[in-house]
Amino acid sequence: MAARGAADTTGGESIGPGREKLVMRPGLFGRLAATARVSVVSGSAGSGKSVLLRSWIGQTGLTGRVAWAAARDDERDPQGFWVSVFDAMRRTVAGSALVRPLTPAPDLDGWTLVERLLADLAPLPDPLWLVVDDVHELSAEALRQLELLVLRAPPELRFVLSTRHDVRLGLHRLRLEGSLAEIRERDLRFSRSEAGELFKAAGLKLSASTITLLHQRTEGWVAGLRLAALSLSGHPDPDGFAAGFSGSERTVAEFLLVEVLERQDAAVRRLLLRTSVLERINGELADVLTGGGESERILQDLERANAFVVALDAGRSWFRYHRMFADLLQQELRREAPEEVAGLHSACAGWFAEHGHAVEAVRHAQAAEDWASAAAFLADAWPSLYLDGRAVTIHELLTAFPAEVRAANAELAILVAADEAAFGVIETAEWYLGVAERRASSVAPDRRGQSRMLLSMARLLAARRRGDQEAVIVEARRVQHVAEGPDPTHSGLSDDLRAFASISVAITEDWTDRQAPAQQRLTRAVELARRTGRPYLEFSGLAYLAALDVARSRDAAAQAHAEQVIELARRHGWTDEPPATIAYAIRGVALVWRARPEEAEPWLHLAERSLTVETEPSVGAGIHYIRGMLELVRGRDAEALAALRAAESLTARLDLDGPYYLSAPTRALLLHALVRLGEIQRAERMVEGLDKQERARGEVRVAVAALKAAQDDPEGAIAELAPVEDDDSVRYGRRTWRVAAFVLEAAARDALGDTAAAERLLERSLDLAEPDGAVWHFLLCPPPEQLLERHARRTAHAWLVAEIQSMLAARRLPSPSSSCSAQLPAPDPLSDSEIRVLRYLPTNLTAREIGGELGVSPNTVRTHIRSLYTKLGTHSRSDTVARARSLGLLAPSAR
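Terminal number for the sequence shown in our numbering: 895, no gaps in between.
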């Protein structure tokens, strides 16, 4: 493909900028002009990508504010691509003033050009768009460079990327952050009114009914509409031709009927018509529907002849028909043999069920309106579908049943109950469970064993949703009993059911601090899931293992498990599932403990995005709790109080035989928030309302000590803290709460004049905090400034004290001017590897993710970061970025 400047080709006509009359598409124009930093327009050749973008630029008056650069398949050198980007930028109004002229030279690489472009565009005052056409043509190196530009560009620079297929550009991060607008092939399809505009722009005068027919026939496919427009140009009877193109009078598009279907012999025609009810076809299934024996050869011959038959696999055993051709075939089938349609669907349902394709079996049985068979197929497949994480597919299949069928069929009612427990209203789930129990006798005797298993699984899901610990344990035992029973209908699911039951029980044990048995159950469940090939069960088990690790202060293990969960979510499309939500929250809380709220916020935002009224109460409570921690770090105490109140409300919904493990930490943080807000009397009343057991918890004692300190009662604070060090009741973040206890006692001893004891306690707190950099409690309960200054000269943790001082100062003072850092001495020269890592520090990527971008290990990235700290004289990532910018090593920060 030659350099095209956004060219598109349909029917032999080349379309370039300025050659296509414009079509107004305000809906898509609005999405392109929205606040998203990146817009992706993705579709096949002929889907209208370039037409859309040229129309948007022309109709919205952005001609001088859009830089258009096209990748070329004959230009694999990234430098050539970036030269075209610079040239395009300089042709814009803003770019002509900001972007310096670029002269190609052998020593200019793409990375240097990206850094230069970032520097030039840093003061960009108004929105400017960079359109990159044919992104799929870029080399892997150029894609990585473009990704870096996207990650670090000033907010005024917007990107529009046009591509035939998805490329490896790290766009999932922007999608999760809500900074990505996506226009896919289905979005590019023209509406009926847009089709009319296209015909009008082509000089065609068609009636409204003709336009409607053409739009329906092509389903808005831009190439199909343009093909119709090209054929109609100069035609003596446009309306008559369009009517034939629609297929309404057996005169559908000339080459479909005359050139394809009517040229086939009777056997091929029979095959095409009878298999048109299928979305995908293979030879064996076609033989069943036709009664023939050579269907595979016929399909392969048709595919080779480009007769609107498309192979779906490399072995050319599965096929589909082009949509327009399939529509024609179905119309002909209904015209010639309408009485056979239901029977064909039933035959398809039986074949798919026999060959283990349960979803297609259900859909064809539904198309035949054979509701009993459809329900039986779905009931048979439901355990495997659910345990494979296909709850969304199950939901879609269930909603295709009429409401009266769902309520009349006992097995179907069980499945609806489970679906409502996951997606809907728990009261509705309970109602359907009642229906299923009342109609249990209507289940065929040979299906009752399976029905009991389904009912136990549905009850277990409902109990988890309610937070009913006793019911979870009872139903999990029933599921395990079924798994160990002799019923052959589910013998292949025994290990899967054990893993499902173990995870469910372990969740409730985690709720109530029974962490040792929970750990054992979850570990065993994950092993079973891996052995049986159930990644969704592994995904779920790992998520709750990560939560358990957090509760036990096993931070490295928690992050490792969370990373595995997120990887499984990305691989299988489970990014919005509850286990992924848990993993996002755990990634966020680790950053909160390190007092890095800006880096924690995107992870917590991902977790909160999945919060609904259907979320398990324990998961929702944990996410609100972490939000409260984050807002306390930021000093937004009122927002923290609101989040913690929400967490407290959700914990109250749990029906447990012991205290929920986050109840005491939540109340402790509520006390801290009240103290920080100056609500001393409310805090005192809250303490008075605590029961004896909760009042004695270590994290609560720490919060009461903070209250005593606020009341200028250091002796009272010390008395509160005395039992904390040896208190085994603290489970969630035990080490970090001990940090807070030592900090508060150090402050109290210092206030009483016992400076030696104060410094010993402060050093102990630093000893605990340094391994993981967990400095959150130093911001929650800040030590006196004078104590920190004295201790900085004696501690073995000078860098950590300096970082704490810097964080506390940042909360008290406005941001320092860049002139301060400019007075620092010039650093030692940075290596090429250090510079590559430095370029990614302004992003929110973790060390592991930066390593993935650069092709090095996370440890190598961390080594380079530590070296950067040393050479630049900094102590944190944000300080390093600020210092590098002041020295001209990075482009200036956007406004």
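Just so it is clear, CB atoms sit at the ideal spot from N, CA and C, and this is done for glycine as well.
All figures in this text were calculated on a predicted structure; none of them were measured in a lab.
Secondary structure in the stretch 97 to 177: the beta strand (DSSP E) runs of 3 residues or longer, each lying completely within the stretch, are 128 to 133, 157 to 163 in chain order. Within the DSSP bridge table, the entry for ASP772 names no partner. Taking C-beta atoms under 8 Å as the contact rule, ARG65 and ALA34 fail to qualify, at a distance of about 15 Å. Counting only the Cα atoms, VAL702 lies some 20 Å from GLY773. Taken atom to atom, the span from the alpha-carbon of PRO665 to that of VAL700 is near 7 Å. Of ARG682, VAL633, ASP832, GLU770, the smallest CA-CA separation from TRP776 is found for VAL633. Checking the DSSP bridge columns, you'll see VAL66 partnered with TRP129.
Only exposed fits GLY291, as fewer than 16 other CB atoms lie within 10 angstroms of its CB. Under the 8 Å Cβ criterion, the stretch 527 to 534 counts as touching the stretch 492 to 507, having at least three qualifying pairs. Pairing VAL131 with VAL160 gives a Cβ-Cβ distance under 8 Å. Between the alpha carbons of ALA551 and ARG571 lies a distance of about 27 Å.
Take TYR840, set aside five residues on each side of it, and the residues of its chain with a beta-carbon closer than 6 Å to its own are ILE850, in chain order. Annotation: LEU872 to GLN145 spans about 25 Å, alpha carbon to alpha carbon. With a cutoff of 8 Å on beta-carbon distance, LEU299 and VAL359 are scored as not near each other.
As computed with DSSP, ASN282 is found in a beta bridge with TRP318. In the same chain as TRP82, and ignoring 5 residues on each side of it, the C-beta atoms closer than 6 Å to its own belong to GLY110, LEU113, in chain order. Across the set ASP712, PRO659, PRO723, the C-alpha of PRO659 shows the shortest separation from the C-alpha of GLN693. The Cβ-Cβ distance between LEU761 and PHE778 does not fall below 8 Å. Counting only runs that start and end inside the stretch 363 to 428, the alpha helix (DSSP H) elements of at least 4 residues fall at 371 to 387, 391 to 399, 403 to 408, 410 to 423. Under DSSP, the beta-bridge partners assigned to SER42 are THR163. Per DSSP, ALA311 lies in no alpha helix (DSSP H) segment; the continuous beta strand (DSSP E) that holds it begins and ends at 309 to 311. A residue is called buried once 16 or more other Cβ atoms fall within 10 Å of its Cβ, and ARG192, having fewer, is exposed.
Comparing alpha-carbon positions, the option among SER833, ARG186, GLY620 lying closest to ALA585 turns out to be GLY620. Burial state of THR63 is exposed, judged by a 10 Å Cβ sphere holding fewer than 16 other Cβ atoms. Secondary structure note for LEU180: its beta strand (DSSP E) is the uninterrupted segment 180 to 183. Note on the stretch 471 to 556: whole alpha helix (DSSP H) runs with a minimum of 4 residues are 494 to 511, 515 to 532, 535 to 551, in chain order. By the criterion of a C-beta distance shorter than 6 Å, ALA418 is surrounded in its chain by ALA458, LEU461, once the five residues flanking it on both sides are discounted.
Between ARG478 and PRO26, the alpha-carbon positions lie close to 57 Å from each other. Spatial neighbours of ALA436 in its own chain (CB-CB distance under 7 Å, excluding positions within 5 residues in sequence) are listed in chain order as ALA410, ALA413, ILE414, ALA417, LEU455. Rounded to the nearest angstrom, the gap between the Cα atoms of HIS791 and GLU759 is 6 Å. The straight-line gap separating the alpha-carbon atoms of LEU845 and ALA600 is approximately 11 Å. Distance from GLY622 to LEU604 at the Cβ level is roughly 11 Å; contact not present, criterion being Cβ atoms closer than 8 Å. Of the residues PRO517, ARG164, ALA349, LEU213, the one whose Cα lies closest to the Cα of ILE183 is ARG164.
For the 8 Å CB-CB criterion, TRP68 and ASP133 form a contact.
Annotation: VAL443 is outside any alpha helix (DSSP H) and is labelled neither H nor E by DSSP. With fewer than 16 neighbouring CB atoms inside 10 Å of its own CB, GLN786 falls in the exposed class.
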